[in-house]
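When we follow numbering that gives the first Met the number 0, the leftmost residue of the sequence shown carries the number 0, and every step to the right adds one. Built from N, CA and C at the ideal position, the CB exists for glycine as well. A short worksheet on the structure shown next.
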Amino acid sequence: MNLRENAMAILNRQQPDFYGDLMNAIELVPDPVLMGDLPPQDGLEHPDSWGTVYIFKPGSPGPHPHVNDSNAVIKDIEKWEEQLKVPDLDHLDFSMAKKVAESVDRKEKFVGFMFAGGLFERSHHLMGMENALINYMDYPDEMAALLRVIADYKIKYIRMMAKEVRPDIIFYHDDWGSKQNLFLPPRIWRAIIKPLQKEIADVIHECGMIYMHHADCICQPIVTDMVEIGVDIWQGAIAQNDIVEIQRVTEGKLAMVGGIDGPKVDIENITEEQIRAEVRRAVDTYCPGGRFFPSIPNGICFREWNNSIVMDELEKYGRQFAVEHPIG
Numbered sequence: 000m001n002l003r004e005n006a007m008a009i010l011n012r013q014q015p016d017f018y019g020d021l022m023n024a025i026e027l028v029p030d031p032v033l034m035g036d037l038p039p040q041d042g043l044e045h046p047d048s049w050g051t052v053y054i055f056k057p058g059s060p061g062p063h064p065h066v067n068d069s070n071a072v073i074k075d076i077e078k079w080e081e082q083l084k085v086p087d088l089d090h091l092d093f094s095m096a097k098k099v100a101e102s103v104d105r106k107e108k109f110v111g112f113m114f115a116g117g118l119f120e121r122s123h124h125l126m127g128m129e130n131a132l133i134n135y136m137d138y139p140d141e142m143a144a145l146l147r148v149i150a151d152y153k154i155k156y157i158r159m160m161a162k163e164v165r166p167d168i169i170f171y172h173d174d175w176g177s178k179q180n181l182f183l184p185p186r187i188w189r190a191i192i193k194p195l196q197k198e199i200a201d202v203i204h205e206c207g208m209i210y211m212h213h214a215d216c217i218c219q220p221i222v223t224d225m226v227e228i229g230v231d232i233w234q235g236a237i238a239q240n241d242i243v244e245i246q247r248v249t250e251g252k253l254a255m256v257g258g259i260d261g262p263k264v265d266i267e268n269i270t271e272e273q274i275r276a277e278v279r280r281a282v283d284t285y286c287p288g289g290r291f292f293p294s295i296p297n298g299i300c301f302r303e304w305n306n307s308i309v310m311d312e313l314e315k316y317g318r319q320f321a322v323e324h325p326i327g
């Protein structure tokens with residue numbers, strides 16, 4: 000089997016040649032919005048197209064929002080309509096994305112479009128995390144109205160992507176929690192975010208694409224909601240979730256990518272056997288539940304040696320497990 004065929008076998012509960020990271024089977028094409036918003040890696044403040052200030056420090060894995068009371072786009076949630084300017088989407092250049100997509104043999108791999116900054120992330124990037132959490136609790140109507148506008152922007156962009164690039168998968172990013180819990184109480188998330196996320200999922204499916212949601216955090220309290228929304232694949236399932244229980248309560252309807260505890264093995268003074276044991280633990284524990292792609296939820300270990308051991312063990316043990324545990 001090639002990478003795409005093997006991935007489809009896992010998704011369809013058929014016998015794969017190996018168990019491994021689904022991301023290996025996906026060729027991500029450049030997102031013109033993300034590329035246009037990417038700040039230089041100089042440690043200085045730079046606004047993105049929404050006006051959110053970012054800093055990209057030299058040597059860091061990526062840029063981070065640097066929002067405070069003085070530079071926040073939305074300083075008063077009751078006046079958000081006066082303060083928010085939605086970026087223009089009508090003059091984007093999709094030529095690079097098209098070129099990359101056209102170079103992919105879709106019989107071998109999927110074409111994926113990384114869709115960063117989901118509803119929750121964009122909301123706290125506009126006003127800061129602390130203010131966003133307070134506003135979700137104290138001003139739910141205003142936050143719902145703000146997210147309606149953000150969702151409309153995203154829906155428009157998804158339709159444009161589908162027309163211009165024809166991805167197989169929308170790799171939608173929105174971290175809804177930390178390694179301890181959800182950021183919002185489930186009732187608030189369900190009231191404000193879930194209905195709009197359902198609309199987004201419906202558009203992704205209407206355009207003939209797979210909806211893969213990245214959230215490398217706790218999502219366990221809302222996993223049945225994720226199924227109801229229409230999330231096809233949850234990428235980023237961290238081991239702090241009870242993944243076996245999630246497989247049970249979702250009845251296998253939510254495919255998952257993750258399970259290897261990256262921070263546990265991405266440390267100094269760890270042995271090769273300890274790293275390999277964590278990879279084997281994830282494969283042994285979660286793959287029997289089906290529709291599971293073992294991987295490091297955030298993608299890689301940042302320490303090169305540690306990462307090489309993880310990848311080597313996953314390659315070897317993922318194949319061994321498939322052979323020793325055939326699907327009847």
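Histidine 124 versus glutamine 82 - alpha carbon distance: Counting from 1 along the sequence shown, the entry for residue 124 is found at position 125. Counting from 1 along the sequence shown, the entry for residue 82 is found at position 83. Rounded to the nearest angstrom, the two C-alpha atoms are 14 Å apart.
Any non-hydrogen atom of the ligand FMN closer than 6 Å to leucine 91 Cβ: The ligand FMN is not among the ligands present in this structure, which contains no ligands whatsoever.
Nearest neighbour of glycine 58, chosen from Asp167, Gln40 and Ser102 [CA to CA]: As a working mapping, residue 58 is identified with position 59 in the sequence shown. The option with the nearest alpha carbon to glycine 58 is Gln40.
For proline 139, the first and last residue of its enclosing beta strand (DSSP E): Looking up residue 139 in the sequence shown gives position 140. Premise fails: proline 139 lies in the alpha helix (DSSP H), 139-163, not in any beta strand (DSSP E).
Residue of Asp140, Leu118 and Pro29 minimising C-alpha distance to phenylalanine 93: Translated into the one-based positions of the sequence shown, residue 93 becomes position 94. The option with the nearest alpha carbon to phenylalanine 93 is Pro29.
Close beta carbons around valine 226, own chain, < 7 Å, minus the five adjacent residues each side: Working through the sequence shown from its first residue, we reach residue 226 at position 227. Cβ neighbours of valine 226 beyond the five flanking positions: Thr249, Lys252 and Leu253.
Which of helix, strand or coil DSSP assigns to tryptophan 175: Start at 1 with the first residue of the sequence shown, and residue 175 comes out as number 176. Here tryptophan 175 sits in coil by DSSP.
Selected residue, minimal CA-CA separation from aspartate 231, among Gly257, Val243, Gln179 and Ile168: Against the sequence shown, residue 231 aligns to sequence position 232. Of the candidates Gly257, Val243, Gln179 and Ile168, the one whose C-alpha sits nearest the C-alpha of aspartate 231 is Ile168.
Whether asparagine 134 touches methionine 142 by CB criterion (7 Å): Along the sequence shown, read from residue 1 onward, the residue named residue 134 stands at position 135. Along the sequence shown, read from residue 1 onward, the residue named residue 142 stands at position 143. Contact: yes.
Cβ shell of lysine 197 (< 7 Å), same chain only, five flanking positions each side left out: Taking the first residue of the sequence shown as 1, we reach residue 197 at position 198. Contacts found: Ile228 and Gly229.
With 16 other Cβ atoms within 10 Å as the buried cut-off, status of lysine 78: On the sequence shown, position 79 is the one that residue 78 refers to. A residue is called buried when at least 16 other Cβ atoms come within 10 angstroms of its Cβ; lysine 78 does not meet this threshold and is exposed.
Asparagine 23 beta carbon less than 7 Å from that of leucine 37: As a first step, residue 37 must be located in the sequence shown, where it is residue number 38. As a first step, residue 23 must be located in the sequence shown, where it is residue number 24. Taking C-beta atoms as the reference points, leucine 37 and asparagine 23 fail to come closer than 7 Å.
Selection from Phe114, Tyr53 and Met126 that minimises the alpha carbon distance to isoleucine 76: The sequence position of residue 76 within the sequence shown is 77, counting from 1. Answer by Cα proximity: Met126.
Buried or exposed by the 16-neighbour rule on C-beta atoms within 10 Å, applied to threonine 270: Residue numbering aside, residue 270 sits at position 271 when the sequence shown is read from its first letter. Classification for threonine 270: exposed.
Other residues of its chain near alanine 45: CB distance less than 6 Å, five sequence neighbours each side excluded: As a position in the sequence shown, residue 45 is number 46, starting the count at 1. The sequence as given places histidine at residue 45; alanine does not occur at that position. Pro38 and Tyr53.
Where the beta strand (DSSP E) through glycine 111 begins and ends: Start at 1 with the first residue of the sequence shown, and residue 111 comes out as number 112. First-last of the beta strand (DSSP E) with glycine 111: 109-114.
Supposed close pair glycine 258, alanine 276 - CB separation, criterion 8 Å: Sequence index remark: in the sequence shown, residue 258 carries index 259 (1-based). Sequence index remark: in the sequence shown, residue 276 carries index 277 (1-based). Not quite, the Cβ-Cβ distance comes to about 14 Å (not below 8 Å), so this is no contact.
Contact check, isoleucine 157 vs valine 202, beta carbons under 7 Å: Within the sequence shown, the letter at position 158 stands for residue 157. Within the sequence shown, the letter at position 203 stands for residue 202. It is a contact, given that the beta carbons lie within the stated cut-off.
One or two residues paired with glutamate 80 in a DSSP bridge: Here residue 80 is taken as the residue at index 81 of the sequence shown, counted from 1. Beta-bridge partners of glutamate 80 (DSSP): none assigned.
Three-way DSSP call (helix, strand, coil) for valine 28 in this model: Stepping through the sequence shown from its first residue, residue 28 is reached at position 29. Residue state, collapsed to three classes: strand.
Cβ pair count under 8 Å reaching 3, the segment 174-186 against the segment 147-155: no
As assigned by DSSP and simplified to three states, the class of serine 294: Within the sequence shown, residue 294 is the residue found at index 295, counting from 1. Residue state, collapsed to three classes: strand.
Alpha-carbon spacing of aspartate 283 relative to phenylalanine 292, whole angstroms: As a working mapping, residue 283 is identified with position 284 in the sequence shown. As a working mapping, residue 292 is identified with position 293 in the sequence shown. In a straight line, the C-alpha of aspartate 283 is about 12 Å away from that of phenylalanine 292.
Nonlocal neighbours in the same chain, by C-beta distance under 8 Å from phenylalanine 301, ignoring five residues either side: Sequence index remark: in the sequence shown, residue 301 carries index 302 (1-based). The residues are Pro60 and Asp265.
Buried versus exposed call for tryptophan 304 [16 or more other C-beta atoms within 10 Å across all chains shown]: In the sequence shown, residue 304 corresponds to position 305, counting from 1. It counts as exposed.
Identified DSSP bridge partners for methionine 255: In the sequence shown, the residue the question calls residue 255 occupies position 256. In DSSP, methionine 255 forms a bridge with Trp233 and Phe291.
Nonlocal neighbours in the same chain, by C-beta distance under 6 Å from lysine 56, ignoring five residues either side: As a working mapping, residue 56 is identified with position 57 in the sequence shown. Hits under 6 Å: Gly42.
CA nearest to the CA of glycine 235, picked from Leu21, Asp311 and His63: Reading the sequence shown from its first residue, position 236 is the one you call residue 235. Leu21 is the residue among Leu21, Asp311 and His63 whose C-alpha sits nearest the C-alpha of glycine 235.
Phenylalanine 55 - DSSP class collapsed to helix/strand/coil: Within the sequence shown, the letter at position 56 stands for residue 55. Coil, per DSSP.
Proline 166 burial status per 10 Å Cβ neighbour count (16 or more: buried): Stepping through the sequence shown from its first residue, residue 166 is reached at position 167. Classification of proline 166: buried, given that the 10 Å Cβ count is 16 or more.
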